Structures are given as structure tokens and as C-alpha cells.
Amino acid sequence: MSHEANHDDDEQGLGAELAQMRSRRIGRRRALSLLASAGTAALIASCGGGGGDDDDGGTPTPTPTPTPTPTPTPTPTPTPTPLPLPTTCSNYPPEEVGPYPADGSNSLPAGAPTQTNILTFSGIVRTDIRPNFTAPTPTPTPTPTSTPTPTPAPAPSPTPTPPPTPGVQVTLTFIVVNTASTCAALSNYAIYLWHPRADGRYSLYDDPADTYCRGVLYTNSSGQCTFTTIFPGCEPGRFPHMHFELFTNPSNALAGRFAKLTSQIVMPPEAAASVYSSSADYAASATNFASATIAGDPVFGNNTSGQITSMTPTFTGTAATGFTASIVIGVTP
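According to the working numbering, the sequence shown is numbered sequentially starting from 6.
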């Protein structure tokens, strides 16, 4: 064999060996790759990983829908049960307005919220007339002598509810009826009620900055309205009483004009004696009441006994627990 032939054989042998070696390396790499892939798949399967069987056979758990919180229903303000209407009635006797009406018919003293008519104030329409309803007159801010360093204004404090005027509570219902129509109820009439406090003093006159024991209400479909107040004190020279004005509509009342009826209410003597003897708030009234009589009263003294009866409310209760009262006001519209 020639040298060249041997060289060719050597080259062929070397090339073949190299090819076989490459083939063996690729095979090993392929095998390692396949083994690695198989191991990864097994690991995923053991951990619950994605697979066709899981997707096809599993049922997803739905997200629970939250139960809505129901909106609370507000409790309505209870309406007093209407009192029965009278079967007989007569026109209520008129009386003088008195010196303390604050309805624009006379002037109020300095220091009062108004010098004429308190009925023009929006707060006058209210059920509970025991507290004041007007705010105190604000103190004027002094003018600075030099420009001060501005400071943040403090947050406004909530306005506190004024305390009620001390005294024995009386819940008084007016029943306004038509004397020309078998005592039918008169609705949407307005009543302005005022009277002295326990010691006989009147707001806006004796106490100019105060508005206690004054208020306006409108009659409902039953011809009724109910005030919460106190048993009135006894002022010097008078028998215990309350004042009222009756208007045929709210507009006239809030303007303080065209009253259909102006009159007064007699307090029951037995109730007055019980109240004045049992509460220290009425000490001054007890002294005044000792010499007061209905017959000697400058307003009630000329009324008949029948008129006095119709002008005296029906009272139930005691001085210790308070009174519930009602009175019929008959008018011809």
C-alpha cells in the first residue's frame, strides 16, 4: 500500500471517528435534556400544576356574594291621639290682650331681640315653649388699633339647647271648633300662647333678652294643637291665667295681625293651690295667690259662672308628676 493510500485511510478513519464522537456527544446531551424535561413535568404534576385533566375535570368555586346591609327604617315621630270633639259648644268669651303680648301692639323695652313683634321670628313656631328660642345678642368685636397677625379662626361650637324654664310641666291641647257647624273642627288655625313663668315674670318685658313661655302652633285636621309648657305663675293683682290669640291662618299669625279672637285662660284654683304650695320655684306666686280670687280679678270678675267654666281647662295629673290639660275654643268663622 502506498503512503498516499495509507494517508487517505488515516483521514477517513479519523473523520469517521470524529463523526462517531460527535454523534455520541449529541446523544448524551439529548438524553440529559429529555431527562431534565421529564423531571420538571413530574415535579409540576406532583404540585398540582396545570394539565389537561385538571382543566377539563375541575369545577371552579364561585366567589360568595356579600349580603347587603339593610337600610334602617327611621322611627316616625308619634302623633298625639286626637281628643274627642265636643257635642255642644259656644263662642269663647273675648278678653283684653294684656300688657305683655309682644305682637306688635306695643313697644318692647331696650335689650329685647325686637322692639315690636316677636311673631316675625321663625323660632316662634314650636311645641315646647318652655325654653328661650332666640339667641343672645352677639358682643361686637372691638376695632384693632394695629394690624394683628392673622390667626386661624376656631371651629364653631355647636349651639346648646336652652334649658327649659323651671316649673311644673303642663301639656295643653287646644280644640278649636266651629260653633256655627255642630262643633266641627277648624283646621289650619293658628294659636299664639304666652304666659308668665313660675315667679310671675314675663319674657321680653320683665326679662327683655328672654323669650320663654311664648309660641305659635297650627291646628291639625282635628282642629287641635298641643303645647308643652309650665303651670303659669301668679302675677300681682291677677288670678293665675294664660293669654292667647287665635288667627284664621298662619300668615296672619306670623304677621301679628287680624286676630280672630283674643282672650285669656283661667287656671283651675285647686291646681294652682297645689302647685304653688309644693314647688320653691313658685314662692313669689304663692304670696300673690294668697290674696287672688276669680271674682275679684280685674279681667275675669265680670264673667258669668258659665263663662268661667268654659274658660277653665280640664286638668288631670298632679303637681309632682305634671298635668295634662285641654280646652275648647269655639268661634264662628
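Note that the Cβ used here is the ideal one computed from N, Cα and C, for glycine as well.
Bear in mind the structure is a predicted one, so any value in this text is a computation, not a measurement.
With distances taken Cα to Cα, identify the nearest neighbour of residue i among the options.
{"i": "proline 255", "options": "His248, Lys265 and His246", "result": "Lys265"}
{"i": "proline 169", "options": "Ile196, Pro89 and Ala203", "result": "Ala203"}
{"i": "alanine 277", "options": "Thr86, Phe126, Ile196 and Ile235", "result": "Ile235"}
{"i": "methionine 316", "options": "Gly306, Gly322, Phe138 and Ala291", "result": "Gly306"}
{"i": "proline 201", "options": "Arg243, Asn193 and Asn225", "result": "Arg243"}
{"i": "phenylalanine 232", "options": "Asp133, Tyr197, Arg206 and Ile299", "result": "Asp133"}
{"i": "serine 186", "options": "Ala289, Thr224, Cys230 and Asn96", "result": "Asn96"}
{"i": "glycine 311", "options": "Ser226, Thr86, Leu198 and Pro98", "result": "Pro98"}
{"i": "arginine 206", "options": "Ala288, Thr337, Pro338 and Pro91", "result": "Ala288"}
{"i": "asparagine 137", "options": "Leu198, Gly327, Gly103 and Gly220", "result": "Gly220"}
{"i": "leucine 198", "options": "Val336, Tyr105 and Leu90", "result": "Tyr105"}
{"i": "cysteine 188", "options": "Leu90, Ala330, Thr119 and Pro167", "result": "Leu90"}
{"i": "threonine 329", "options": "Val175, Ser110 and Pro241", "result": "Val175"}
{"i": "threonine 253", "options": "Pro237, Asp286 and Asn193", "result": "Asn193"}
Suppose you measure from the CA of residue i to the CA of residue j; what does that come to, to the nearest Å?
{"i": "arginine 262", "j": "threonine 121", "result": "13 Å"}
{"i": "threonine 93", "j": "isoleucine 334", "result": "12 Å"}
{"i": "leucine 209", "j": "proline 114", "result": "7 Å"}
{"i": "methionine 247", "j": "threonine 314", "result": "15 Å"}
{"i": "cysteine 239", "j": "aspartate 211", "result": "14 Å"}
{"i": "serine 296", "j": "valine 304", "result": "15 Å"}
{"i": "proline 318", "j": "leucine 177", "result": "8 Å"}
{"i": "valine 3", "j": "leucine 191", "result": "Absent from the model: residue 3. The displayed extent of the chain is 6 to 338, so no value can be given."}
{"i": "arginine 131", "j": "asparagine 308", "result": "32 Å"}
{"i": "threonine 292", "j": "alanine 117", "result": "29 Å"}
{"i": "isoleucine 196", "j": "leucine 251", "result": "5 Å"}
{"i": "threonine 267", "j": "aspartate 108", "result": "12 Å"}
{"i": "isoleucine 123", "j": "threonine 86", "result": "31 Å"}
{"i": "proline 171", "j": "leucine 88", "result": "28 Å"}
{"i": "isoleucine 180", "j": "threonine 224", "result": "8 Å"}
{"i": "leucine 259", "j": "glycine 322", "result": "33 Å"}
{"i": "proline 338", "j": "glutamine 229", "result": "16 Å"}
{"i": "glycine 103", "j": "alanine 325", "result": "30 Å"}
{"i": "serine 226", "j": "phenylalanine 249", "result": "20 Å"}
{"i": "tyrosine 110", "j": "glutamate 275", "result": "In the sequence on display, residue 110 carries serine and not tyrosine. The alpha-carbon atoms of serine 110 and glutamate 275 are separated by roughly 34 Å."}
{"i": "phenylalanine 294", "j": "proline 245", "result": "8 Å"}
Return helix, strand or coil for residue i, following the three-state DSSP convention.
{"i": "isoleucine 332", "result": "strand"}
{"i": "isoleucine 313", "result": "helix"}
{"i": "leucine 251", "result": "strand"}
{"i": "glycine 306", "result": "helix"}
{"i": "asparagine 183", "result": "strand"}
{"i": "alanine 115", "result": "coil"}
{"i": "aspartate 286", "result": "helix"}
{"i": "threonine 319", "result": "strand"}
{"i": "glycine 57", "result": "Reliability fails at glycine 57, whose pLDDT of 43 lies under 50, so the model's placement of it is uncertain and no value is given."}
{"i": "threonine 292", "result": "helix"}
{"i": "glycine 327", "result": "strand"}
{"i": "serine 95", "result": "coil"}
{"i": "serine 268", "result": "strand"}
{"i": "threonine 176", "result": "strand"}
{"i": "valine 102", "result": "coil"}
{"i": "glutamate 9", "result": "The predicted position of glutamate 9 is uncertain, since its pLDDT is 46 and thus under 50; a value taken from the coordinates is nonetheless stated next. Here glutamate 9 sits in helix by DSSP."}
{"i": "alanine 190", "result": "strand"}
{"i": "asparagine 257", "result": "helix"}
Cβ of residue i less than 8 Å from any chain D Cβ?
{"i": "glycine 301", "result": "Any reference to chain D falls outside this structure, which holds one protein chain only."}
Requested in this report: State whether the stretch 268-284 contacts the stretch 214-222, with contact taken as three or more CB pairs (one from each stretch) at a distance under 8 Å.
Outcome: Not touching, per the Cβ criterion.
Requested in this report: Can you check the stretch 192-246 for any beta strand (DSSP E) of at least 3 residues that lies completely inside it and give the ranges in chain order?
Outcome: Taking only runs of at least 3 residues, the beta strand (DSSP E) segments lying wholly in the stretch 192-246 are 195-199, 219-223 and 229-235.
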